[in-house]
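Trainee:
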Amino acid sequence: MNEPELLAHELAHEQAHVDAVYARLEEATQSARSAAASGQEIFRSNRETWVREEDGTALFERDAFTFQAAKRLAVLDAEHEGLVFGRLDLEEPEEREVRYIGRIGVRDEEYEPLVIDWRARAAEPFYRATPQQPMDVVRRRVLRCRNDRVIGIEDDLLDAQANTDDLPIIGEGALMAALSRSRGTRMKDIVATIQAEQDLAIRAEYPGVTIISGGPGTGKTVVALHRAAYLLYSNRRRFERGGILVVGPGPVFMNYIERVLPSLGEDSVTLRAIGQVASDVLDGLSADRVDDADTAFVKGSLRMVGVLKNLVNLPLGDPDAPAPSLLVTVKGNVLKLDAHQLGRIRAGVLAHQRVNLARESAEKALVAALVTQVPEDVDVDPEAIPELITDSAAYQEFVEAWWPALSATGVLRRLVDPRVTARAADGVLDATEQALLAASYAHEGEDADWTVADTALLDELVAILGPEPIDHDAGPSLFIEGGADVTEFVTTADRLARTVEHDFREDRHETYAHMLVDESQDITPMQWRMLRRRGSQASWTIVGDLAQSSWPDLDEVGRAVRDLIGTAPHRDFRLSVNYRSPAEVFDLAAKVVKAHFPKADLPRAVRSTGHQPELLHTSESALVSDLVRIVDRLTDSVGGTVGVIAPPSRLDHLRTALPPRLSTRMNPANLARVIFVSPLEAKGLEYDAVVVVSPDEVVEQSPGGVRVLYVALTRATQMLVTLDVGGPGAWRPEE
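Take the sequence shown: its letters are residues 4 to 738, numbered as in my numbering.
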């Protein structure tokens, strides 16, 4: 057979197996739907009588049926796209073995595997085998599918000494084929093209801390996500019950990666941007606004712990008002506690309890101190004196003002007053830092958005203050409206548990069995404290590259990570190959970062496109028109996305000004491929072509300086253009 005939023959052969897999998958899907329907039928038949004690088990039986069926159905429904992606032909002593690799395991009626889950030990040779160590693999085949149709084949011959007369080798290799494809608006999994050094990190043991480092384009993020899927597969009881939290830099990034885990057969992982981590204790708070570089540095510093503790202890009201004192009259006797005495009582109580939990203890201490001042000959039963004190209006008004229930948001907003900030930060922050901190809250009303850096401060305040009192009046209903047709549900046990009353909100920090932190080089010391509260007993995967850090003090970042690790076992994996950037693009980026950060860990670019980066410049007045022409040209040159990365001071203007002009030059489909982001928003993302606007301003407007420009310069998979404003920029490397 000639080459086209051979390819057609092999495609037909693989299609036959894929068809058998999908037929079996359909049977499993129908079985799961039947189980779900059975669970709903139990619900319908028992809804009217379930409140009788003897029928209570019926509801829980319905929950178990429906929950398990819904989980299985979600997995089956999610895997229809590219379910089977690989095949191994292994040389065994008696006969050649064939293994098909896929996103989930599928077995036939005799329980023989039609597809092996990519995370299973039997699938390891698909990722680990090399020509030097073939692991009995003769041929590794990657199947490229669209829906349930096999549309392409890429083979790697791993054992050249084996008899391959019956094993045709097709294509140039799966990895290079995958690298040349266009990028879309969502990250794709790499399950079919995981490389050996990546696989080692994915399958590493879970206890302690796993650190995955590597330069731009080495696949750190997608490797970490595959690791989350692997941990759930290999230790499902531990991690499904305890949970896995994946933390990324921002909502743009989280939207980009959100489909990776479902495509790998897992939908039970929690994904949160760093500005959303505190949502569990702050009523769903989600922040994406970013402070300016100098303010962000102040808010992220560990010194803020001292500032916040001081802030909590400052009296409410006018900071210039005289220190409060307590005066109470009992049977004509004036009892008094001055500011010094009150301060000692407060300090003594707070040495053992948090503010919102300590009011009762504080009142007992107040009353005890006042009782000692009552004359022994007073005409009243001694046992009645405490009640006389606490019943007085003067006492009650004082306590309400002196020890109110505090909220984290209310306390932090006090920093809007420079006088309060000065007192809380005295001896901790210098005058310039105090001014920055106060000014950052000056424009914020009650409903103003918090910044990403604020969320860690608010979380710290929750830890300092303790839980807030709650109102018991509102209680959840035990019935779901339209329950007979429910497709999303809360179990009866959950609803019953929520009817238990508490005097205070419980500490609602959600804790997880595994914490996966991406772009860890940008996590501030205060944010590390916030994360540790969610993973106090967790194992960790930490992913990052110091050369891409936006935090100005790299030593402080390093100390924060070392403090997290402590004495826990840890393992390090370095990813050394840049699969994203062509050599022409990465050579430029490497020169830029090396000039300012000689210790940068630079990966090796493995491919070339022949397109040298274009270093252009324009005037302020011509910026928009020149940018329109550049973007229009790039959308014609590449088949995927075009990223316009601009400094924060220009981003909103360009997002508004460019699309109307671009719409006159390109159709809506092409316009949708143009994406505007800031350098920090671009972290972890990639585009076929990139325009970096005003690189000098990118450096100036980020606390990370050149390291953040390095991020922007390494987002392109094919073509890079830089556009200086006002002449060639100072950022350009020397020739």
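From the three backbone atoms N, C-alpha and C, an ideal C-beta is built for every residue, glycine too.
(1) State the Cα-Cα distance for the pair residue 445 and residue 420, rounded to the nearest angstrom.
(2) Residue range of the beta strand (DSSP E) that residue 116 falls in?
(3) Are the segment 646-658 and the segment 701-720 in contact at 8 Å, needing three or more beta carbon pairs?
(4) Which residues mark the beginning and the end of the beta strand (DSSP E) in which residue 339 is found?
(5) Any idea if residue 533 is buried or exposed, counting beta-carbon neighbours within 10 angstroms, 16 or more meaning buried?
(6) Tell me whether the beta-carbon of residue 1 lies closer than 7 Å to the beta-carbon of residue 677.
(7) Per the contact definition of three or more C-beta pairs closer than 8 Å, is the segment 237-248 in contact with the segment 425-434?
(8) Could you spell out where the alpha helix (DSSP H) holding residue 543 opens and where it closes?
(9) Hey, quick one: how far does the alpha helix (DSSP H) through residue 435 stretch, first residue to last?
(10) If contacts are defined as beta-carbon pairs under 8 Å, then residue 141 and residue 92 qualify, I think. What distance do you get, rounded to the angstrom?
(11) Which word fits residue 661, buried or exposed, when buried means at least 16 other C-beta atoms lie within 10 angstroms of its C-beta?
(12) Specify, as a first and last residue, the run of the beta strand (DSSP E) that residue 762 falls within.
(13) What whole-angstrom Cβ distance do residue 374 and residue 388 have, given they're in contact under 8 Å?
(14) Quick one: grab the DSSP three-state call for residue 108.
(15) Got a sec, what are the start and stop residues for the alpha helix (DSSP H) residue 592 sits in?
(16) How is residue 467 classed by DSSP in three states: helix, strand or coil?
(17) By a C-beta neighbour count over all protein chains shown, 10 Å radius and 16 as the cutoff for buried, is residue 435 buried or exposed?
(18) Looking at residue 679 and residue 664, is the spacing between their C-beta atoms short of 7 Å?
(19) Determine, using beta-carbon pairs with one atom in the segment 296-308 and one in the segment 451-458, whether at least three such pairs fall under 8 Å.
(20) With a threshold of 6 Å, establish whether the CB of residue 205 neighbours any heavy atom of the ligand MN.
(21) With a 10 Å radius around its C-beta and 16 neighbouring C-beta atoms as the bar for buried, classify residue 109 as buried or exposed.
(22) Classify residue 355 as helix, strand or coil using the three-state DSSP reduction.
(23) Look at the alpha carbon of residue 405 and the alpha carbon of residue 286, and state the distance between them as a whole number of angstroms.
(24) With 16 as the cutoff for other CB atoms within 10 Å, does residue 210 come out buried or exposed?
(25) Mapping the DSSP letters down to three states, classify residue 268 as helix, strand or coil.
(26) For a quick check, are the C-beta atoms of residue 230 and residue 514 less than 7 Å apart?
(27) Identify the continuous beta strand (DSSP E) that holds residue 578 and give its terminal residues.
(28) So, at 8 Å on beta carbons, what are the nonlocal neighbours of residue 163 in its own chain, with the 5 sequence-adjacent residues on each side left out?
(29) Consult DSSP for residue 529 and reduce its assignment to one of helix, strand or coil.
(30) Return the first residue and the last residue of the alpha helix (DSSP H) that residue 260 is part of.
(31) How far does the beta strand (DSSP E) with residue 748 in it extend, from its first residue to its last?
(32) Can you give me the Cβ contacts of residue 474 inside the same chain, cut-off strictly under 6 Å, excluding the 5 residues immediately before and after it?
(33) Is DSSP giving residue 721 helix, strand or coil here?
(34) Among 571, 521 and 718, which residue has its Cα nearest to the Cα of residue 616?
(35) Name the DSSP bridge partner or partners of residue 142?
(36) Is the Cβ-Cβ distance between residue 3 and residue 326 less than 7 Å?
Mentor: Judging by the given coordinates:
(1) Rounded to the nearest angstrom, the two C-alpha atoms are 8 Å apart.
(2) For residue 116, the uninterrupted beta strand (DSSP E) run begins and ends at 116-120, by DSSP.
(3) As far as the Cβ criterion goes, the segment 646-658 touches the segment 701-720, which means the pair count is three or higher.
(4) Where residue 339 is concerned, the enclosing beta strand (DSSP E) stretches over 336-340.
(5) It counts as buried.
(6) Outside the shown range of the chain (4 to 738) lies residue 1, about which nothing can therefore be said.
(7) Contact annotation: the segment 425-434 does not touch the segment 237-248, with fewer than three C-beta pairs closer than 8 Å.
(8) Where residue 543 is concerned, there is no enclosing alpha helix (DSSP H), although the beta strand (DSSP E) it sits in stretches over 542-547.
(9) Looking at the DSSP string, the run of the alpha helix (DSSP H) that includes residue 435 is 434-443.
(10) About 5 Å; that satisfies the 8 Å criterion.
(11) Counting Cβ neighbours within 10 Å, residue 661 comes out buried, since at least 16 surround it.
(12) The structure shown does not extend to residue 762, since the chain is modelled only from 4 through 738, so no value can be given for it.
(13) That pair is a contact at about 6 Å.
(14) The DSSP-derived three-state label of residue 108 is coil.
(15) For residue 592, the enclosing alpha helix (DSSP H) starts and ends at 586-599.
(16) Judged by DSSP in its simplified three-state form, residue 467 adopts helix.
(17) By the 10 Å Cβ count, residue 435 comes out exposed.
(18) Their beta carbons are not under 7 Å apart, which means residue 664 does not touch residue 679 by this criterion.
(19) Remark: three or more beta-carbon pairs, one from each stretch, lie closer than 8 Å, so the segment 296-308 and the segment 451-458 are flagged as touching.
(20) This structure lacks the ligand MN; in fact it carries no ligand of any kind.
(21) Residue 109 should be labelled buried.
(22) In the structure shown, residue 355 adopts coil according to DSSP, grouped into three states.
(23) Whole-angstrom Cα-Cα distance: 26 Å.
(24) Exposed, since its Cβ has fewer than 16 Cβ neighbours within 10 Å.
(25) For residue 268, the three-state secondary structure derived from DSSP is coil.
(26) Residue 230 places its beta carbon 7 Å or farther from that of residue 514.
(27) Here the beta strand (DSSP E) through residue 578 covers 573-578.
(28) Contacts found: 134.
(29) DSSP, reduced to helix, strand and coil, places residue 529 within a helical segment of the structure shown.
(30) Counting along the chain, the unbroken alpha helix (DSSP H) around residue 260 starts and ends at 254-260.
(31) Lying before the first or after the last residue shown, residue 748 is absent from the chain, which here runs from 4 to 738.
(32) Only weak support is given to the placement of residue 474: the predicted model assigns it a pLDDT of 49, under 50, and the value that follows is read from those uncertain coordinates. Exclusion of the five residues before and after residue 474 leaves no residue of its chain whose Cβ lies closer than 6 Å to its Cβ.
(33) It is a strand residue.
(34) Residue 718 holds the alpha-carbon nearest to the alpha-carbon of residue 616 among 571, 521 and 718.
(35) Bridge partners of residue 142: 92 and 160.
(36) Because the chain is modelled from 4 through 738, residue 3 falls outside the range shown and cannot be assessed.
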